[in-house]
Amino acid sequence: MSILQQGVTPIQDQLRLRALVKQNEVDEELVRRSMFLLESSSNEVFIYFVPIVAPILGPDAYMGAMPTEVACFISEIYKLGARRIVVFSLGPVGCVPARAPLLGAPVGRCLREDECDVQEVQPWFGELGQGRAY
1 MSILQQGVTP IQDQLRLRAL VKQNEVDEEL VRRSMFLLES SSNEVFIYFV
51 PIVAPILGPD AYMGAMPTEV ACFISEIYKL GARRIVVFSL GPVGCVPARA
101 PLLGAPVGRC LREDECDVQE VQPWFGELGQ GRAY
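Read in order, the letters of the sequence shown correspond to residues 1 to 134 in the UniProt record's numbering.
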């Protein structure tokens with residue numbers, strides 16, 4: 001059984017479809033039949049607090065902007081015809097893959113000190129799917 005027969009779209013096809021979306025040439029049937037799995041925050045929060053470049057926004061503004069950006073993205077894919085949208089709640093930031101290459105990062109366990117501001121955003125992601133219309 002091929003990957004396509006299993007219902008998985010290869011990355012090359014995903015990139016081609018992304019280009020078509022940018023050109024407003026959307027295959028509405030494909031979008032309607034697709035399931036969108038979204039997880040936002042874990043790496044974004046981690047990268048904010050361990051930045052490669054200095055952040056533009058302060059921590060409160062950044063944490064406040066994240067849910068707004070997710071809601072805008074969901075609204076856009078909804079307008080394109082997406083109806084099966086799953087948003088995963090924020091997981092433990094100290095366990096995200098981005099922290100693995102840090103000097104002194106523990107092996108086989110998560111960093112605990114990265115959980116500081118996560119609690120501010122987490123409730124919003126939990127409420128996102130409870131009747132909010134786009």
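Idealized CB from N, CA, C, for every residue including glycine.
Kindly indicate which residue of the options has the alpha-carbon position closest to the one of residue i.
i: Glu-29; options: Phe-88, Ala-82, Ala-65, Pro-10; result: Ala-82
i: Phe-88; options: Leu-38, Cys-72, Ile-56, Thr-68; result: Leu-38
i: Arg-18; options: Gly-58, Ile-56, Ile-77, Leu-57; result: Ile-77
i: Lys-79; options: Pro-10, Asp-27, Ile-11; result: Asp-27
i: Val-86; options: Asp-60, Ser-34, Leu-57; result: Ser-34
Taking all protein chains shown into account, do 16 or more other C-beta atoms lie within 10 angstroms of the C-beta of residue i, making it buried, or fewer, making it exposed?
i: residue 138; result: Given that the chain is displayed from residue 1 to residue 134, the structure contains no residue 138 and the question cannot be resolved.
i: Val-70; result: buried
i: Met-66; result: buried
i: Met-63; result: buried
Check residue i in the structure and name its three-state DSSP category.
i: Leu-17; result: helix
i: Ile-85; result: strand
i: Leu-4; result: The predicted model places Leu-4 with a pLDDT of 41, which falls under 50 and marks its position as unreliable; any figure quoted below should be read in that light. If DSSP states are grouped into helix, strand and coil, Leu-4 belongs with coil.
i: Leu-30; result: helix
i: Ala-133; result: Residue placement at Ala-133 is flagged as unreliable, the pLDDT there being 43, under the threshold of 50; a coordinate-derived value is accordingly withheld.
I'd like to know if residue i contacts chain D, where contact means its C-beta is closer than 8 Å to some C-beta of that chain.
i: Glu-29; result: Although the question refers to chain D, the structure presented lacks it and comprises just one protein chain.
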